[in-house]
Amino acid sequence: MAVIAKQVESFIREFFDQNPLSHVGLVTIKDGVANCLTDLGGSPESHIKALMGKLECSGDASLQNALELVQSNLNQIPSYGHREVLILYSALSTCDPGDLMETIQKCKKSKIRCSVIGLAAEMFICKHLCQETGGTYSVALDESHFKELILEHSPPPPAIAEYATANLIKMGFPQRAAEGSVAICTCHEEAKTGGGYTCPRCKVRVCELPTECRICGLTLISSPHLARSYHHLFPIVPFAEISPSYQNDPSHNFTNTCFGCQQSLLSQ
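According to full-length UniProt numbering, the residues represented by the sequence shown are 1 to 268, in order.
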């Protein structure tokens, strides 16, 4: 469990670095029941704190109960957002109260992309779930392989044209609160001196960005967060390999540096 928690912590931090406007929620499966460890939110520290406080496992695993819980929570996500589930599954069976195939179809109908990383052996039902919902299924061989597999899910998946919709979203760019000013933080519901950010709409204090204002519901971000999310919409064109003879030919207009980072492309 310590190894899994360590890699999940790395994944959460990397995920929010790649997707600063996204929200994450944690669900635990044990004793045949699925429970929400954390609600959907944009604070990596709150998820990591909750994760480190619940390092335990017991009883049977119920894949159906987990999918039912996730499906009910992700149904609240607007149509312009991605609905994605990453399941870390260490059991060799699933003990379900009903028809798991029906639940898989409900997830597919709700456009929820389910991916599974197995920590034991390959299971047919996990593979079927991923195939039906358009996710990926893989089995970790060791700790380093597990880290590689889980970090592959950090970048946002490509949008499917059939499901993608364009909507205008209201966002606020809060100002940093003045040092020495006292205000009640809506995140922790307690008075704090200095630090934090002030919502431009309702003027309440929040500790960190990005987040959603608990009073007016406005999405609060900073310009770097928006820029890091925006660049995924326009990935750079794949590089074409160029032979040394082509580089040395003066008749070709060859650029010696990368147009993005200005690093030299010449072989050392």
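The C-beta atom is built at its ideal place from N, Cα and C for all residues, glycine as well.
Model, not experiment: these values are computed from the prediction.
Round the Cβ separation of Q71 and C107 to the nearest angstrom and send it over; I've been treating them as touching at under 8 Å. Rounded, the Cβ-Cβ distance is 5 Å, consistent with contact.
Thinking just about the alpha-carbon of each residue, which of S144, A34, E179 and L220 is nearest to the one in C199? Minimum Cα-Cα distance from C199 among the listed residues S144, A34, E179 and L220 corresponds to L220.
In DSSP terms, what E122 is bridged to: None; E122 has no bridge partner.
Can you list, in chain order, the residues of its chain whose CB lies under 6 Å from that of L40, leaving out five sequence neighbours each side? Result list for L40: H23 and G25, in chain order.
Verify whether the separation of the beta carbon atoms of S58 and V33 is less than 8 Å. Cβ atoms of S58 and V33: not closer than 8 Å.
Considering only residues of the same chain and omitting the five flanking positions on each side of K30, which have a CB-CB separation below 8 Å? For K30, where only same-chain residues beyond five positions count, the Cβ hits under 8 Å are E56, C57, S58, G59 and A61.
The beta strand (DSSP E) enclosing E84, as first and last residue numbers: Where E84 is concerned, the enclosing beta strand (DSSP E) stretches over E84 to Y89.
When V182, E102, A140 and A240 are compared against E132, the one with the closest alpha-carbon: Measuring from the Cα of E132, the nearest candidate turns out to be E102.
In this structure, how does DSSP classify Y137 when only helix, strand and coil are distinguished? Correct three-state label for Y137: strand.
Exposed unless 16 or more other CB atoms sit within 10 angstroms - verdict on N167: Exposed, because fewer than 16 other Cβ atoms sit within 10 Å of the Cβ of N167.
For C207, does the three-state DSSP call read helix, strand or coil? C207: coil per DSSP, three-state reduction.
Using DSSP with H/G/I as helix, E/B as strand and the rest coil, what is D39? D39 falls in the strand class under three-state DSSP.
Is L151 near S110, with beta carbons less than 8 Å apart? No, the pair does not count as a contact, with Cβ atoms beyond the cut-off.
In this structure, what does DSSP give as the bridge partners for T28? Per DSSP, the beta-bridge partners of T28 are N35.
Whole-number beta carbon distance between R214 and A177, since they are thought to touch under 8 Å: Not really, about 16 Å apart at Cβ, beyond 8 Å.
Can you tell me whether T103 is helix, strand or coil according to DSSP? Helix at T103.
Consult DSSP for L151 and reduce its assignment to one of helix, strand or coil. The answer is helix: DSSP assigns L151 an H, G or I state.
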